[in-house]
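**Student:** Those protein sequences? They're chains A and B, same order as listed.
Residue 147, in the working numbering, is where the first sequence stops; the numbers in between run on with no holes.
Residue 147, in the working numbering, is where the second sequence stops; the numbers in between run on with no holes.
For every residue, glycine included, the Cβ atom is placed at its ideal position computed from N, Cα and C.
2 protein chains.
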Amino acid sequence: MTASYQVYPIGRIHKDDSGVRIEIEDAFQEALDGLDGFSHITVLYWFHQNDTAKKRGILKVRPRKDPTNPLTGVFATHSPCRPNLIAITHCRITAIDGNVIRIDEIDAYDQTPVIDIKAFIPMDRLAKESVRVPDWVNNRRKGGGAP
Amino acid sequence: MTASYQVYPIGRIHKDDSGVRIEIEDAFQEALDGLDGFSHITVLYWFHQNDTAKKRGILKVRPRKDPTNPLTGVFATHSPCRPNLIAITHCRITAIDGNVIRIDEIDAYDQTPVIDIKAFIPMDRLAKESVRVPDWVNNRRKGGGAP
């Protein structure tokens with residue numbers, strides 16, 4: 001049996017009439033110092049609605065829930081069903097007020113647990129390299145799901 | 001007390017005379033199907049050497065261990081000391097042989113536990129937006145640490 005590691009929520013996503021924001025727990029507010037120097041953040045959140053043995057055991061999916069896409073291993077997709085339910089997305093910061101990071105938008109539900117925030121630093125190395133992706137990535141179906 | 005989530009290693013990083021590679025556990029090999037259509041991967045690994053209450057409690061650091069950099073909240077850095085010890089990096093795939101992903105390089109130690117692999121899909125939205133970072137990001141000291 002392999003060891004496991006513990007991940008704790010450091011805050012939650014909120015979506016309501018007052019906008020989209022990440023509320024960081026008071027205990028971690030100090031960890032935001034200096035974030036106002038950045039325009040964007042990488043947000044790691046937990047697909048908590050999929051935290052069941054069954055969904056964590058799904059190893060192949062049709063990307064974006066499109067039946068015309070090839071059956072693909074979850075590590076070759078951004079599927080929300082995967083062994084460890086970690087999502088990565090990038091957001092533009094619109095304001096930081098104390099323990100609240102206001103953002104432009106995020107592809108996650110209200111109340112989703114956030115597990116890490118990282119300042120976004122452009123990946124200059126990747127910009128210089130040739131990046132190759134399979135056809136399904138660029139053939140977006142209208143109304144399709146996440147990558 | 002907030003709930004916590006369980007993260008399991010899905011493989012390990014290996015660095016030796018035969019090169020740099022990620023060996024995925026046999027149980028998850030199927031989840032690699034289709035990854036050969038991509039040139040790059042996003043690798044999530046666990047800073048297992050810092051998995052102590054003390055290091056997970058560090059909320060501010062001098063970025064890149066450079067004493068001339070401002071004391072900064074860990075969420076505004078890529079510090080390996082942070083509440084949840086998740087690292088994100090991007091690698092170029094050089095070959096995939098069964099459960100082994102050979103990569104060009106990775107900024108992690110031999111035997112580091114890998115917790116997720118995601119196909120790398122370029123972030124076109126970010127390429128079009130103006131990204132702002134503080135001065136310390138571009139002032140790299142010789143021999144300095146990670147971002």
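Could you tell me which residues DSSP pairs with LEU44(A) in its beta bridges?
**Tutor:** Paired residue(s): ILE88(A) and ASP116(A).
**Student:** If we cut at 8 Å on Cβ distances, does ASP49(A) have a partner in chain B?
**Tutor:** It is Gln, not Asp, that sits at residue 49(A) in the sequence shown. It does not: the Cβ of GLN49(A) has no partner Cβ on chain B nearer than 8 Å.
**Student:** Check whether chain A comes within 8 Å of PRO80(B), counting only Cβ atoms and requiring the distance to be less than that.
**Tutor:** Answer no: the Cβ-Cβ gap between PRO80(B) and chain A never drops below 8 Å.
**Student:** Output the distance between the C-alpha atoms of HIS14(A) and ASP97(B), rounded to the nearest integer angstrom.
**Tutor:** Rounded to whole angstroms, HIS14(A) to ASP97(B) spans 43 Å at the Cα level.
**Student:** Could you please tell me which residues of the segment 2-14 of chain B, in chain order, have their CB closer than 9 Å to any CB of chain A?
**Tutor:** Taking 9 Å as the Cβ-Cβ cut-off against chain A, the residues of the segment 2-14 of chain B that qualify are THR2, ALA3, SER4, TYR5, GLN6, VAL7, TYR8, PRO9 and ILE10.
**Student:** For ARG21(A) and chain B, any beta-carbon pair shorter than 8 Å?
**Tutor:** Judged by the 8 Å Cβ criterion, ARG21(A) is not in contact with chain B.
**Student:** State the start and end residues of the unbroken beta strand (DSSP E) segment that holds VAL20(B).
**Tutor:** 19-24 is the extent of the beta strand (DSSP E) around VAL20(B).
**Student:** Name the chain B residues whose beta carbon is nearer than 7 Å to that of VAL43(A)?
**Tutor:** Chain B residues near VAL43(A): none, gap ~10 Å exceeds 7 Å.
**Student:** Within its chain, find whatever has a CB closer than 8 Å to the CB of LEU32(A); leave out the 5 residues flanking it on each side and keep chain order.
**Tutor:** Excluding residues within five positions, the ones whose Cβ falls inside 8 Å are ILE24, ILE96, ASN99, ILE101 and ILE117.
**Student:** Is it true that the segment 28-44 of chain B meets the segment 73-84 of chain A, where meeting means three or more beta-carbon pairs spaced less than 8 Å apart?
**Tutor:** Contact between the segment 28-44 of chain B and the segment 73-84 of chain A is present, because at least three Cβ pairs lie under 8 Å.
**Student:** Smallest Cα separation from LYS65(B): which of THR52(B), PRO80(B) and PRO134(B)?
**Tutor:** Out of THR52(B), PRO80(B) and PRO134(B), PRO80(B) has the C-alpha closest to the C-alpha of LYS65(B).
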